[in-house]
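Asker: Numbers in our numbering are just positions in the sequence shown, counted from 1, shifted up by 53. Ideal placement from N, C-alpha and C gives every residue a C-beta, glycine not left out. Quantities reported herein were computed from a predicted structural model and do not represent experimental measurements. The structure's right below; bear with me while I get my questions together.
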Amino acid sequence: MNPANIPFLVAVTGPTSSGKSSLALWLAEMLGGELICCDSMQVYRGLDIGTAKPTPAERIRIAHHLLDIVNIDEIFSAGDFVRETERIIKELQSRNKVPILVGGTGLYLRSLLFGLSQIPEISPETKIQVNELKSGGGTRACWQRLKELDPSGAEKLHPNDSSRI
């Protein structure tokens, strides 16, 4: 989403236990806003311990979006966050409510404001091949294969960086 297309958006971000939630609640009351959770763990139903989800009283006080929306066994990606947040922002704007993002998942905020890299869909066959390679030789084997296919790309990554490899 292009930030210029958002008439007014507030983002309250920062590290854990820095007071984001209380500030966001106060801002929502002062500005006539609703909160959009920008937290990669608070989207999951049942994942309540260690996620500092808003209390039931806080949820009644101010509307919260993207909270407890997927099951723990489902994937909710940065792309999903962007799609849902763009939809919510439009809906809030149609009701003259200020969208207030609150949370500490920087990837979500960056993805919303600056977009995600466009990558092609990964075929099921490719996923199987990669999983077999990883099962047989671990992350280092995957990195070695990457080095064969894309030496300059592999050199930018640590051999143990499984998420990027």
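Taking the straight line between their C-alpha atoms, what separation do you get for Ile102 and Pro204?
Answerer: In the sequence shown, the residue the question calls residue 102 occupies position 49. In the sequence shown, the residue the question calls residue 204 occupies position 151. Going from the Cα of Ile102 to the Cα of Pro204 covers about 42 Å.
Asker: Figure out for me which residue from Leu165, Arg193 and Leu145 has the closest Cα to the Cα of Cys91.
Answerer: For the purposes of this step, residue 91 is taken as the residue at position 38 of the sequence shown. Ranking Leu165, Arg193 and Leu145 by Cα distance to Cys91 puts Leu165 first.
Asker: Tell whether a beta-carbon distance below 7 Å holds between Ile122 and Val155.
Answerer: In the sequence shown, residue 122 corresponds to position 69, counting from 1. In the sequence shown, residue 155 corresponds to position 102, counting from 1. Cβ atoms of Ile122 and Val155: not closer than 7 Å.
Asker: Going residue by residue through the stretch 130-187, where are the continuous beta strand (DSSP E) segments of at least 3 residues, counting only ones entirely within it?
Answerer: The DSSP assignment places complete beta strand (DSSP E) segments of no fewer than 3 residues inside the stretch 130-187 at 151-155, in order along the chain.
Asker: Any idea what DSSP makes of Leu120, helix, strand or coil?
Answerer: Position 67 of the sequence shown holds residue 120. Correct three-state label for Leu120: coil.
Asker: Is it the case that the stretch 185-193 contacts the stretch 208-216, given that we only count it when at least three CB pairs across the two stretches are under 8 Å?
Answerer: yes
Asker: Ordered along the chain, which non-local residues of its own chain (more than five positions away) have a Cβ less than 6 Å from that of Leu77?
Answerer: Sequence index remark: in the sequence shown, residue 77 carries index 24 (1-based). Rather than Leu, the amino acid found at residue 77 in this sequence is Ala. Answer for Ala77: Val65, Leu88, Ile153 and Val155, listed in chain order.
Asker: Please state the DSSP three-state secondary structure of Ile100.
Answerer: On the sequence shown, position 47 is the one that residue 100 refers to. Per the sequence shown, residue 100 should be read as Leu rather than Ile. The answer is coil: DSSP assigns Leu100 none of H, G, I, E or B.
Asker: Can we say the stretch 111-125 touches the stretch 70-86, given the rule of at least three CB pairs closer than 8 Å?
Answerer: Touching, yes.
Asker: When you compare only the Cα positions, how much space is there between Ile128 and Met94?
Answerer: The count along the sequence shown starts at 1 and reaches residue 128 at position 75. The count along the sequence shown starts at 1 and reaches residue 94 at position 41. Rounded to the nearest angstrom, the two C-alpha atoms are 11 Å apart.
Asker: Would you decide whether Ala81 is buried or exposed? Buried here means 16 or more other CB atoms lie within 10 Å of its CB.
Answerer: Taking the first residue of the sequence shown as 1, we reach residue 81 at position 28. Label assigned to Ala81: buried.
Asker: Let me check understanding here. Comparing Cα to Cα, which of Ile142, Ser216, Phe167 and Leu160 lies closest to Val183?
Answerer: The residue you call residue 183 lines up with position 130 of the sequence shown. Checked all of Ile142, Ser216, Phe167 and Leu160; the closest Cα to Val183 is Ser216.
Asker: What are the start and end residues of the alpha helix (DSSP H) that includes Glu208?
Answerer: Counting from one through the sequence shown, the residue named residue 208 turns up at place 155. Note, Glu208: alpha helix (DSSP H), Pro204 to Glu208.
Asker: Expressed to the nearest angstrom, what Euclidean distance is found between the alpha-carbon atoms of Thr179 and Leu119?
Answerer: Position 126 of the sequence shown, counting from 1, holds the residue named residue 179. Position 66 of the sequence shown, counting from 1, holds the residue named residue 119. Cα to Cα, the separation comes out at about 32 Å.
Asker: Specify the secondary structure class of Cys91 as computed by DSSP and reduced to three states.
Answerer: To locate residue 91, count along the sequence shown from 1; it is residue 38. In the structure shown, the three-state DSSP call for Cys91 is coil.
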